[in-house]
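What follows is a set of notes on a single structure, which appears directly below.
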Amino acid sequence: MDKLKRTKIIDLINSGEYGKTVNVKGWVRTKRGSKNVAFITLNDGSTIHNIQIVVDLNVIKEEDIRNISTGASVSITGELIESPGSGQKVEINAKAIEVLGEADPDEYPLQPKKHSLEFLREKAHLRFRTNTFGAITRVRHAMIFAIHKFFNDKGFCNIHSPIITGTDAEGAGEMFRVTVLDLINPPLNEDGTVNFKEDFFGKETNLTVSGQLEAELAALGLSDVYTFGPTFRAENSNTSRHLAEFWMIEPEMAFYDINDDMDLAEEMLKYLIKYAIDNCPDDLAFLSKRLLDEEKTKKQEERSPMELKEKLLFVLNNDFERTTYTEVIDILKNSKPNKKKKFRFLIEEWGADLQSEHERYLVEKHYKKPVMVTDYPKDIKAFYMKVNDDNKTVRAMDVLFPQIGEIIGGSQREENYNRLLKRMREMNVPEKEMWWYLETRKFGTVPHSGFGLGFERMMQFITGMGNIRDVIPFPRAPQSAEF
RNA sequence: UCCCCAAUAGCUCAGCUGGUUAGAGCGACUGACUGUUAAUCAGUAGGUCCUUGGUUCGAAUCCAAGUUGGGGAGCCA
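Residue numbers (my numbering): 16 to 498.
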């Protein structure tokens with residue numbers, strides 16, 4: 016047989032070149048048949064849609080397809096035709112079939128039926144072959160691409176912030192230590208502590224918890240930059256919205272104040288949603304249907320009032336509510352659940368930290384749209400945030416989304432050397448280690464702002480997936496690093 | 001890390017206040033069927049009832065600890 020170039024299923028479905036001989040390769044979803052004809056449903060991951068292969072058993076010998084079962088990989092050459100059956104537009108009349116790899120039906124775990132997401136999580140090496148995870152993976156790629164496109168079109172520079180860091184400046188959580196020292200027999204100082212001077216970098220090092228501080232350095236020279244890299248938190252978090260290894264987008268802009276920062280955050284979120292709607296209609300339609308089926312198994316009161324596409328359009332077509340911490344505390348204090356003591360944590364007075372039940376009340380019940388909260392008490396926020404003139408609040412902003420809560424956290428940064436130094440001392444941030452950060456405020460400092468977007472949380476919102484472990488190929492979480 | 005729930009066939013699950021031989025649907029396999037759509041119909045095989053210990057004449061079932069998974073909380077993105 017002449018070497019015929021393989022065509023992807025997505026191109027075959029859109030081709031319309033009926034009568035043409037084509038080659039298609041992929042993985043078998045189902046095979047069914049009778050005495051004279053058999054049908055193979057094939058998918059190659061290029062689209063959510065499958066292509067149907069028609070096998071005339073007068074043309075192809077039965078023994079040639081006997082070993083084809085769900086999960087097998089095949090190469091099929093045949094004629095692309097308009098399908099006489101309902102359910103698909105095109106199909107392929109097979110002329111030659113080659114089995115590339117069998118999948119023993121006694122052992123292959125994926126069946127042509129609905130599997131639970133929990134089961135598929137344990138089969139992370141094979142779940143790429145499912146409709147749901149295929150759709151998620153394609154949408155994930157589209158979002159990665161859209162993020163780079165968004166910032167590139169705006170003249171931002173992508174910065175590779177370091178993955179191995181020497182400081183725990185931000186205090187954003189427990190860190191993973193990076194070391195080459197012998198853990199059984201480490202070199203010790205005289206006082207019995209580990210001597211990290213003998214370690215690879217000559218000091219204690221960890222995996223990064225944020226690229227923000229480094230992004231700030233770059234912004235104070237290139238104006239507009241962003242990072243998009245892996246982030247590591249050794250927090251023992253066991254929830255459906257936390258990972259030990261996740262991807263974060265952190266833009267940092269010189270000459271931006273907190274309002275410019277919010278404008279950019281809202282524009283970016285809407286851009287990403289629009290990009291998904293425009294570029295992933297089939298995958299989103301599938302995910303929407305999947306979510307609808309899942310919701311049917313829930314109790315009435317727990318069901319989402321909107322379906323996926325509606326939810327996306329709702330965010331896209333509405334201005335985010337912009338409000339302040341002080342206003343929000345007032346709303347919460349006078350809210351029904353607070354007065355009826357339905358909140359686990361009752362809001363008593365100004366200064367209290369917002370719990371997720373409060374954030375969800377604001378987004379889902381009170382404002383009924385994404386909310387941006389600014390001007391938090393300085394005591395509950397990070398040292399680098401710019402203190403307001405009231406000396407009580409900082410120019411922080413959190414973007415709260417329905418169901419997932421905080422999707423973005425950002426702020427205008429403190430650009431004044433003396434005020435920053437004062438805040439670092441108040442909050443016990445090691446100023447000696449941070450000499451380089453402080454120097455940017457000493458030499459040509461400018462007002463600047465930035466924020467962090469948790470990429471997987473964004474993915475949860477776009478795809479409607481409830482568990483963050485289903486929107487990343489190989490989730491890393493406590494007690495969970497298989498694959 | 002804390003609270004709650006669960007673990008039974010390849011998958012999803014039923015199995016009552018402990019009772020002797022462990023159940024269904026789907027999947028797999030075999031056969032039938034002239035174009036099916038997660039095909040249909042008939043039949044067959046398939047079990048360390050999560051692990052360890054305890055209570056009992058007797059444990060899938062009760063108790064304890066552990067493991068794993070799920071939901072919620074904290075931490076946060």
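We treat Cβ as the ideally placed atom computed from N, Cα and C, and that holds for glycine.
For this session: Please confirm whether VAL444 and SER426 have their CB atoms less than 8 Å apart.
Result: no
Exercise. On the three-state DSSP scale, how would you describe MET442?
Worked result: coil
Exercise. So, are the CB atoms of LEU415 and LEU436 less than 8 Å apart?
Worked result: no
For this session: State the DSSP-derived secondary structure class of LEU232, mapped to helix, strand or coil.
Result: helix
Problem set entry | Selected residue, minimal CA-CA separation from GLU429, among GLU421, ASN406, GLU448, PRO488 | ASN406
Problem set entry | Best match in GLU322, MET400, GLU421 for proximity to VAL378 [C-alpha to C-alpha] | GLU421
Problem set entry | Complete runs of the beta strand (DSSP E) confined to the region 218 to 273 [at least 3 residues] | 220 to 222, 239 to 247, 260 to 269
For this session: To the nearest angstrom, report how far apart PRO515 and GLU364 are at their CA atoms.
Result: The chain is shown from 16 up to 498; residue 515 falls before or after that span and cannot be answered.
Problem set entry | Minimum length 4: unbroken alpha helix (DSSP H) runs contained in the region 399 to 482 | 432 to 441, 450 to 457, 470 to 478
Exercise. Do you know how far the Cα of GLU229 is from the Cα of ARG440?
Worked result: 21 Å
For this session: Scan the region 357 to 399 and note each continuous alpha helix (DSSP H) run of 4 residues or more that stays entirely inside, going in chain order.
Result: 371 to 375
For this session: Pull up the distance between the alpha-carbon of SER176 and that of PHE243, whole angstroms please.
Result: 9 Å
Exercise. Any chance the region 267 to 280 sits against the region 200 to 212, with 3 or more Cβ pairs inside 8 Å?
Worked result: no
Problem set entry | CA-to-CA distance, ARG21 to ILE80, given in whole angstroms | 20 Å
Problem set entry | Beta-ladder partner(s) of SER88, from DSSP | TRP42, GLY116
For this session: Pull up the distance between the alpha-carbon of PRO202 and that of MET263, whole angstroms please.
Result: 35 Å
Problem set entry | Coil, strand or helix - ASN51 by DSSP | coil
For this session: Out of ILE112, ALA111, GLY226, ASN146, point me to the one whose CA is closest to GLN126's CA.
Result: ASN146
Problem set entry | For GLU106, the residue or residues it bridges with in DSSP | GLN67, ILE96
For this session: Using the Cα positions of GLU133 and VAL74, report the straight-line distance between them to the nearest angstrom.
Result: 42 Å
Exercise. So, helix, strand or coil for SER303, using DSSP?
Worked result: helix
Exercise. With distances taken between CB atoms, is the gap from ARG472 to CYS295 smaller than 8 Å?
Worked result: no
For this session: Using only alpha-carbon positions, find the residue among THR85, ILE162, ARG142 that is nearest to GLU122.
Result: THR85
Problem set entry | ASP298 burial status per 10 Å Cβ neighbour count (16 or more: buried) | buried
For this session: Would you mind working out which of LYS447, GLY181, ILE112, LEU198 sits nearest MET190, comparing C-alpha positions?
Result: GLY181
Exercise. For the alpha helix (DSSP H) that ARG136 lies in, which residues bound it at each end?
Worked result: 132 to 137
Problem set entry | C-alpha gap between ARG136 and ASP485, whole angstroms | 7 Å
Exercise. For ARG47, is the classification buried or exposed, using 16 other Cβ atoms within 10 angstroms of its Cβ as the cut-off for buried?
Worked result: exposed
For this session: For LYS324, I'd like the list of residues in its chain whose CB is within less than 6 Å of its CB, leaving aside the five on either flank, ordered along the chain.
Result: SER303
For this session: Give me the Cα-Cα distance between PHE166 and LYS285, rounded to the nearest whole angstrom.
Result: 13 Å
Exercise. In the DSSP assignment, what are the bridge partners of SER495?
Worked result: ALA492
Exercise. Apart from the five residues just before and just after ARG337, which ones in its own chain have a Cβ nearer than 6 Å to its Cβ?
Worked result: MET387
Exercise. Helix, strand or coil: how does DSSP classify THR339 here?
Worked result: strand
Exercise. So is ALA496 buried or exposed if we call it buried at 16+ other beta carbons inside 10 Å?
Worked result: exposed
For this session: Taking only the alpha-carbon atoms, compute the straight-line gap between LYS311 and ARG375 and give it to the nearest angstrom.
Result: 22 Å
Exercise. Could you give the distance in angstroms between the alpha-carbon of ASN38 and the alpha-carbon of ILE96?
Worked result: 13 Å
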